[in-house]
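Report on the structure given below.
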Amino acid sequence: MSRTLMHRSPRAEVGGRRRRLLRAGFYIHLWLGVLSTIALIAISITGILLNHKRGLGLMPDVPHQRTAPFAAALSLERLGYAALVAAPVAAKQGWKAGDALDVGLIDRMDVRPRDGVVKVRLRDKASTEMTVDLATGTVLHTGRRGDVFLEKLHSGEAFGGRMVILSDIAGIALVLTLITGYWLWLAPKLGRAAQESDPEAAG
Amino acid sequence: MSAGLLAFLVGLFGMPLVLLGYGRRLRRRPPAVRAAFWGAVAGHCLAGVLAMVFGMIPPEAWTPEERIRGFAGLWSLLVLPVLGGLGGAVLHRRFLRRSILSRVGA
Numbered sequence: 391m392s393r394t395l396m397h398r399s400p401r402a403e404v405g406g407r408r409r410r411l412l413r414a415g416f417y418i419h420l421w422l423g424v425l426s427t428i429a430l431i432a433i434s435i436t437g438i439l440l441n442h443k444r445g446l447g448l449m450p451d452v453p454h455q456r457t458a459p460f461a462a463a464l465s466l467e468r469l470g471y472a473a474l475v476a477a478p479v480a481a482k483q484g485w486k487a488g489d490a491l492d493v494g495l496i497d498r499m500d501v502r503p504r505d506g507v508v509k510v511r512l513r514d515k516a517s518t519e520m521t522v523d524l525a526t527g528t529v530l531h532t533g534r535r536g537d538v539f540l541e542k543l544h545s546g547e548a549f550g551g552r553m554v555i556l557s558d559i560a561g562i563a564l565v566l567t568l569i570t571g572y573w574l575w576l577a578p579k580l581g582r583a584a585q586e587s588d589p590e591a592a593g
Numbered sequence: 041m042s043a044g045l046l047a048f049l050v051g052l053f054g055m056p057l058v059l060l061g062y063g064r065r066l067r068r069r070p071p072a073v074r075a076a077f078w079g080a081v082a083g084h085c086l087a088g089v090l091a092m093v094f095g096m097i098p099p100e101a102w103t104p105e106e107r108i109r110g111f112a113g114l115w116s117l118l119v120l121p122v123l124g125g126l127g128g129a130v131l132h133r134r135f136l137r138r139s140i141l142s143r144v145g146a
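Shown next as structure tokens:
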């Protein structure tokens, strides 16, 4: 074979590189798409449910008017105690009224000064939450927080603290799939546009 | 890492990888292999739906004696594609044998 036949023109090289890129994009799109399908569907469904958690009753909505200025609020210790007294027996894990406040039972206390309430969430399976008046210590509502487990499922934390990497993998896969999808759509058009603008070189 | 979690991860990421590899040049493969492939794909799709439905059962509803939730949520993504693949291959052989017998006239 002669040397001239062996030598590829720059245009043919560009075309070859584009075809290789297109092929690589196709396989990345296909493999990552199939690999991350179930994880992405789960993340999407849990995300939609979390967006509508109030409407779906996953999160209690307790309308309340502030009864006293924030300066008159009870101490966090007393509010936590009042919440634990009102908690269901299963959530207390052996704790009873009269015992010292066991902070190990409490996951978090979410203070809402504008509404005059504090939301005390326990560390039980149901993520029981008591809404307590900041000024009087009256328990306004006791219920479970269904969205906590959904959030953990959404992030992958439900499978263990380190499993948030699952949603990371799914997120990266989604980004790469979107980019390669765009590339697969646009690359043939770009090639055609280049050929049309330079018909002589296209031969 | 528990066995259930390992099975879940293998089912979630390993099984689609295996199926993708297996599905390459599928038309050139023998019909029994193709039937096994489609059986495994059907098993994986079914397992995905089951895992999602059972995975959303809130934790306070879980009981220690319950086995179905654990199976559907963690093990099904691995077990159902394998069963689907085996089922596909077996069903294909049965159909093949029946069609051969009908052709022979037995």
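From first to last, the protein sequence lines are chains A and B.
Under the numbering used here, the first residue of the first sequence is numbered 391, with each subsequent residue one higher.
Under the numbering used here, the first residue of the second sequence is numbered 41, with each subsequent residue one higher.
Even for Gly, the Cβ is constructed at its ideal location relative to N, Cα and C.
All of these numbers come straight from a predicted model, not from anything done at the bench.
Checklist entry - Cβ atoms of Leu512 of chain A and Thr518 of chain A: under 8 Å apart, would you say? => result Yes.
Checklist entry - Leaving out the 5 sequence neighbours to the left and right, which residues in its chain are closer than 7 Å to Leu336 of chain A when beta-carbon positions are compared? => result Lying before the first or after the last residue shown, residue 336 of chain A is absent from chain A, which here runs from 391 to 593.
Checklist entry - Does the beta-carbon of Arg534 of chain A have 16 or more other beta-carbons within 10 angstroms, so that it is buried, or is it exposed? => result Per the 10 Å Cβ criterion, buried.
Item to check | Element boundaries [beta strand (DSSP E), containing Thr531 of chain A] | outcome: According to the sequence provided, residue 531 of chain A is His. The question's Thr does not apply to it. Unbroken beta strand (DSSP E) run through His531 of chain A: Val529 to Arg534.
Checklist entry - For Val119 of chain B, which three-state DSSP category applies? => result Annotated three-state conformation of Val119 of chain B is helix, per DSSP.
Item to check | Close-in-space but distant-in-sequence residues of the same chain around Ala402 of chain A (CB under 6 Å, 5 per side omitted) | outcome: Once the five neighbours on either side are set aside, Ala402 of chain A has no close Cβ partner at all.
Item to check | Three-way DSSP call (helix, strand, coil) for Asp537 of chain A in this model | outcome: Asp537 of chain A: helix per DSSP, three-state reduction.
Checklist entry - Just to check, is the beta-carbon of Thr528 of chain A closer than 7 Å to a non-hydrogen atom of the ligand ATP? => result Ligands in the displayed structure: none, and consequently the ligand ATP is not present.
Checklist entry - Under the three-state reduction of DSSP, which class applies to Arg511 of chain A: helix, strand or coil? => result Correct three-state label for Arg511 of chain A: strand.
Checklist entry - What is the residue span of the beta strand (DSSP E) that Ile148 of chain B lies within? => result In the structure displayed, chain B extends from 41 to 146; residue 148 of chain B sits before or after that span and is not available.
Next on the checklist: For chain A, check one thing: does any of its Cβ atoms lie closer than 8 Å to the Cβ of Pro104 of chain B?
Outcome noted: So no, Pro104 of chain B is outside the interface.
Next on the checklist: Can you check whether the C-beta of Leu576 of chain A is within less than 8 Å of a C-beta belonging to chain B?
Outcome noted: Not one chain B Cβ lies under 8 Å of Leu576 of chain A.
Next on the checklist: Per the DSSP calculation, Val501 of chain A is bridged to which residue(s)?
Outcome noted: Answer is A:Val508, bridged to Val501 of chain A.
Checklist entry - When the Cα of Asp492 of chain A is compared with those of A:Arg468, A:Ile555 and A:Val507, which residue comes out closest? => result Here the closest residue by C-alpha is A:Arg468.
Checklist entry - Are Gly79 of chain B and Gly125 of chain B touching if we call contact CB-CB under 8 Å? => result For Gly79 of chain B and Gly125 of chain B, yes; Cβs fall inside 8 Å.
Item to check | Which of helix, strand or coil DSSP assigns to Val452 of chain A | outcome: In the structure shown, Val452 of chain A adopts coil according to DSSP, grouped into three states.
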